[in-house]
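Top to bottom, those sequences are chains X and E.
Using this note's numbering, the first residue of the first sequence is number 2, and each one after it goes up by one.
Using this note's numbering, the first residue of the second sequence is number 2, and each one after it goes up by one.
Glycine is no exception: its CB is placed at the ideal position from the N, C-alpha and C atoms.
Being a predicted model, the structure only gives us computed values, none of them experimental.
Contents: one structure, followed by commentary.
2 protein chains.
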Amino acid sequence: MNEDYKNIPDIVIGRLPLYLRALQYMLLENHFVTSSKELSERLGISAAQIRKDLSQFGEFGKQGTGYHVEFLITKLKQIMHIDTTWDVIIVGAGDIGHGIARYPGFKNQGFRVTKVFDNNPEKIGQKIGDFIVEDSAKMANAIREANIKIAMIAVPASQAQQVADILVNAGIKAILNYAPITLNLPAGIKIQYIDPVVHLQRMTFYLE
Amino acid sequence: MNEDYKNIPDIVIGRLPLYLRALQYMLLENHFVTSSKELSERLGISAAQIRKDLSQFGEFGKQGTGYHVEFLITKLKQIMHIDTTWDVIIVGAGDIGHGIARYPGFKNQGFRVTKVFDNNPEKIGQKIGDFIVEDSAKMANAIREANIKIAMIAVPASQAQQVADILVNAGIKAILNYAPITLNLPAGIKIQYIDPVVHLQRMTFYLE
DNA sequence: TAGATTGTTAATCGATTAACAATC
DNA sequence: TAGATTGTTAATCGATTAACAATC
């Protein structure tokens, strides 16, 4: 648990990465000062909500001028605990595992993929980007030794729960699950889901 | 717009795919009748909420016994407009584009990838799974000719907005965006985002 | 019949927005 | 100074939950 900020709604936490992302693009554009109004226009989130969200964590702006982009980025990274780099492992070396193992977007965002596991003997030893696929049997030990807290699951749905159980048992505290199935996890373990089918189905309701 | 059901909160629509997914697994397990209580336990969503969500669309259960799994699946598919198959195109033939082009999970879920586009001459003509990468310049025409309504964006963030504008102009109504940037779209265009970094950052707040 | 579970209402809970004093 | 924008309060809006009559 984050001890510094208690009772902050999870929905607020969910917006922080979006604020961070927009601010980082501003910096790339040499845009050094912004306002809740400008962020609002970029993100489609009301200015009042952005100010209220940020105010949960402190006072980061100046009346009349707004927010200093670089300063707010630094603060948000501290709040989200990504002022350090988290080691992350990938379980599953299929197409999805491949894709995320080679994804360049983790760089400088607080994450570094360190290992890729699979239980298929044909895949173990294979090269994926900078990684050699390792045997899932060695996964739990590797997690404990390197004190890994975050894992991404990219195995078939039929194996996902079993994998999750092993991960949690070995000390994993946060899981990003690409398998299209809801996982059953102990309280305190964080979980996020990525399933393109769910996202697509959420939109077709509105299509004719 | 869905003309049959008006004023239904989007957050309810967002849960329907989860209900559907759980029900489909039940059917695989030859589990033919279920209840809001059982779905609740599988999904971590309260039974009251499940019943209330479903009741927005009709009466699908029976007092005392619960819901007939196959019947509810059929109904949910109708409600979400996935009782037909939607053609979907992918823009961007990099690692992410590769991953989703070969993803087997769309099958029988209402979606079929029909084309993959890229603007890189080195990629055009390349084979990806069952597809030959086509020139992005031909994208707008292809969308109009086949009356495509759904696209997945898997290009770098720097190109995503430009691609989105072309897609919308050609008639695309729903976009699943893998590029890590918030897109600016006209009202009425549906958008969903998949960014592993955002999902991970949402969890590290809670980690020490 | 007795037990189980729905669909629905009303109450509760939580999130968003509008408005504005403070102040840069 | 005048204009702009924050941080915050109170009001509004919306979503979730508890409870239960209806009924299979």
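E/Thr66 to E/Leu24, Cα distance in whole Å? Taking the first residue of the second sequence as 1, we reach residue 66 of chain E at position 65. Taking the first residue of the second sequence as 1, we reach residue 24 of chain E at position 23. E/Thr66 and E/Leu24: Cα-Cα distance of roughly 16 Å.
Could you check where the alpha helix (DSSP H) with E/Phe235 kicks off and where it finishes? In the structure displayed, chain E extends from 2 to 209; residue 235 of chain E sits before or after that span and is not available.
By the DSSP assignment, the beta strand (DSSP E) with E/Ala23 in it spans what residues? As a first step, residue 23 of chain E is located in the second sequence; it is residue number 22 there, counting from the start. That residue, E/Ala23, is in no beta strand (DSSP E); its alpha helix (DSSP H) goes Asp11 to Leu29.
Kindly identify the DSSP beta-bridge partner or partners of X/Met153. Indexing the first sequence from 1 puts residue 153 of chain X at position 152. Under DSSP, the beta-bridge partners assigned to X/Met153 are X/Ile91 and X/Leu177.
Determine which residues share a DSSP beta bridge with X/Gly67 and list them. Locating residue 67 of chain X in the first sequence gives position 66, counting from the first residue. DSSP output for X/Gly67 lists X/Lys63 as bridge partner(s).
Hey, out of E/Glu30, E/Leu73, E/Tyr68 and E/Ala155, whose CA is closest to E/Lys1's CA? No statement about residue 1 of chain E is possible, as the shown extent of chain E runs from 2 to 209 and does not include it.
Note down, in chain order, every chain X residue with its Cβ under 8 Å from the Cβ of E/Val199. Residue mapping note: residue 199 of chain E aligns to position 198 of the second sequence, counting from 1. Under the 8 Å cutoff, chain X gives Pro18, Leu19 and Arg22.
Chain X contact for E/Gly100 (CB, 8 Å cutoff): Walking along the second sequence from the start, residue 100 of chain E turns up at place 99. Closer than 8 Å to some Cβ of chain X, the Cβ of E/Gly100 qualifies, so yes.
N- and C-terminal bounds of the beta strand (DSSP E) containing E/Thr205: Residue numbering aside, residue 205 of chain E sits at position 204 when the second sequence is read from its first letter. Looking at the DSSP string, E/Thr205 is not in any beta strand (DSSP E); the run it does join, the alpha helix (DSSP H), is Pro197 to Thr205.
So, is the C-beta of X/Arg43 closer than 8 Å to a C-beta in chain E? Position 42 of the first sequence, counted from the start, is the residue given in the question as residue 43 of chain X. Cβ-Cβ to chain E under 8 Å: yes for X/Arg43.
Say whether chain E places a C-beta atom closer than 8 Å to the C-beta of X/Gln57. The residue you call residue 57 of chain X lines up with position 56 of the first sequence. So no, X/Gln57 is outside the interface.
Which partner residues does E/Glu135 have in the DSSP bridge list? The count along the second sequence starts at 1 and reaches residue 135 of chain E at position 134. Answer is E/Phe118.
What is the residue span of the alpha helix (DSSP H) that X/Lys124 lies within? Taking the first sequence and counting its residues from 1, the one referred to as residue 124 of chain X is at position 123. Unbroken run through X/Lys124: none, as it is neither H nor E.
So that I know if they touch, is there some Cβ in chain E lying closer than 8 Å to that of X/Met2? As a position in the first sequence, residue 2 of chain X is number 1, starting the count at 1. Because X/Met2 sits at a pLDDT of 46, beneath the cut-off of 50, its placement in the model cannot be relied upon, and the following sentence gives the value as read from the coordinates. Judged by the 8 Å Cβ criterion, X/Met2 is in contact with chain E.
Going along the segment 83 to 115 of chain E in order, which residues come within less than 8 Å of chain X, judged by CB to CB distance? Ile83, Trp87, Val89, Asp96, Ile97, His99, Gly100, Ile101, Arg103, Tyr104, Gly106, Phe107, Gln110, Gly111 and Phe112
Got a sec: is the Cβ-Cβ distance from E/Tyr207 to anything in chain X below 8 Å? Residue numbering aside, residue 207 of chain E sits at position 206 when the second sequence is read from its first letter. Yes, contact with chain X.
Just the chain X side, please: which residues come within less than 7 Å of E/Met81 by C-beta, in chain order? Taking the second sequence and counting its residues from 1, one reaches residue 81 of chain E at position 80. Within chain X, the residues near E/Met81 are Gln202, Thr205 and Phe206.
Which of helix, strand or coil DSSP assigns to X/Lys7: Here residue 7 of chain X refers to the residue found at position 6 of the first sequence. X/Lys7 falls in the coil class under three-state DSSP.
What does X/Gln162 touch in chain E if you count any residue whose Cβ is under 8 Å from its own? Here residue 162 of chain X corresponds to residue number 161 of the first sequence, with the count starting at 1. What X/Gln162 touches in chain E, judged by beta-carbon distance under 8 Å, is nothing: the nearest beta carbon there is about 11 Å away.
Which residue from X/Arg203, X/Gly100 and X/Ala158 puts its Cα closest to that of X/Pro181? Taking the first residue of the first sequence as 1, we reach residue 181 of chain X at position 180. Nearest to X/Pro181 by alpha-carbon distance, out of X/Arg203, X/Gly100 and X/Ala158, is X/Ala158.
Run down chain E in chain order and give the residues with a C-beta less than 7 Å from the C-beta of X/Leu177. Residue mapping note: residue 177 of chain X aligns to position 176 of the first sequence, counting from 1. What X/Leu177 touches in chain E: Pro197, His200 and Leu201.
Our contact map puts E/Ile151 next to E/Val92 with C-beta atoms below 8 Å; I'd like the distance itself, whole angstroms only. For the purposes of this step, residue 151 of chain E is taken as residue 150 along the second sequence, with counting starting at 1. For the purposes of this step, residue 92 of chain E is taken as residue 91 along the second sequence, with counting starting at 1. With 8 Å as the limit, E/Ile151 and E/Val92 do not qualify as a contact, their Cβ atoms being about 12 Å apart.
Can you give the beta carbon distance from X/Met204 to E/Ala175, rounded, assuming they're within the 8 Å contact cut? The residue you call residue 204 of chain X lines up with position 203 of the first sequence. The residue you call residue 175 of chain E lines up with position 174 of the second sequence. That pair is a contact at about 4 Å.
When you compare only the Cα positions, how much space is there between X/Leu29 and X/Val70? In the first sequence, the residue the question calls residue 29 of chain X occupies position 28. In the first sequence, the residue the question calls residue 70 of chain X occupies position 69. Cα to Cα, the separation comes out at about 11 Å.
Assuming X/Val117 and X/Glu135 are in contact, meaning their beta carbons sit under 8 Å apart, how far apart are those beta carbons, in whole angstroms? Stepping through the first sequence from its first residue, residue 117 of chain X is reached at position 116. Stepping through the first sequence from its first residue, residue 135 of chain X is reached at position 134. Correct: roughly 7 Å between the Cβ atoms.
Is it true that the CB of X/Tyr104 sits closer than 8 Å to the CB of E/Asp96? Position 95 of the second sequence, counted from the start, is the residue given in the question as residue 96 of chain E. Position 103 of the first sequence, counted from the start, is the residue given in the question as residue 104 of chain X. The answer is yes: Cβ separation under 8 Å.
Could you work out which residue in X/Ala147, X/Arg22, X/Arg113 and X/Asn121 is closest to X/Asp131 when comparing CA atoms only? Position 130 of the first sequence holds residue 131 of chain X. The shortest Cα separation from X/Asp131 among X/Ala147, X/Arg22, X/Arg113 and X/Asn121 belongs to X/Arg113.
Measure the alpha-carbon distance for X/Glu111 versus X/Leu186 and round it to whole angstroms. Here residue 111 of chain X corresponds to residue number 110 of the first sequence, with the count starting at 1. Here residue 186 of chain X corresponds to residue number 185 of the first sequence, with the count starting at 1. Here residue 111 of chain X turns out to be Gly, not Glu, going by the sequence shown. Each residue's Cα considered, the two are about 24 Å apart.
Which residues bound the beta strand (DSSP E) around X/Ile97? To locate residue 97 of chain X, count along the first sequence from 1; it is residue 96. Run containing X/Ile97: none in the beta strand (DSSP E); it sits in the alpha helix (DSSP H), Asp96 to Ala102.
Does E/Lys191 come within less than 8 Å of chain X when only Cβ atoms are used? Sequence index remark: in the second sequence, residue 191 of chain E carries index 190 (1-based). Yes, E/Lys191 counts as interfacial toward chain X.
Neighbour list for X/Pro122 in chain E, Cβ cutoff strictly below 8 Å: Numbered from 1 along the first sequence, position 121 holds the residue referred to as residue 122 of chain X. Scanning chain E for C-beta atoms nearer than 8 Å to the C-beta of X/Pro122 yields nothing, as the closest lies near 21 Å away.
X/His32: buried (16+ other C-beta within 10 angstroms of its C-beta) or exposed? Translated into positions along the first sequence, residue 32 of chain X becomes position 31. Under this definition X/His32 is an exposed residue.
So, does the CB of X/Thr35 fall closer than 8 Å to a CB anywhere in chain E? The sequence position of residue 35 of chain X within the first sequence is 34, counting from 1. For X/Thr35, the answer is no, since every Cβ of chain E falls outside 8 Å of its Cβ.
For E/Arg113, the residue or residues it bridges with in DSSP: Working through the second sequence from its first residue, we reach residue 113 of chain E at position 112. In the DSSP assignment, E/Arg113 is bridged to E/Asp88.
Check the Cβ-Cβ distances between E/Gly15 and every residue of chain X, and say whether any is below 8 Å. As a first step, residue 15 of chain E must be located in the second sequence, where it is residue number 14. It does; some Cβ of chain X falls within 8 Å.
For X/Ile167, does the three-state DSSP call read helix, strand or coil? The residue labelled residue 167 of chain X in the question sits at position 166 within the first sequence. X/Ile167: helix per DSSP, three-state reduction.
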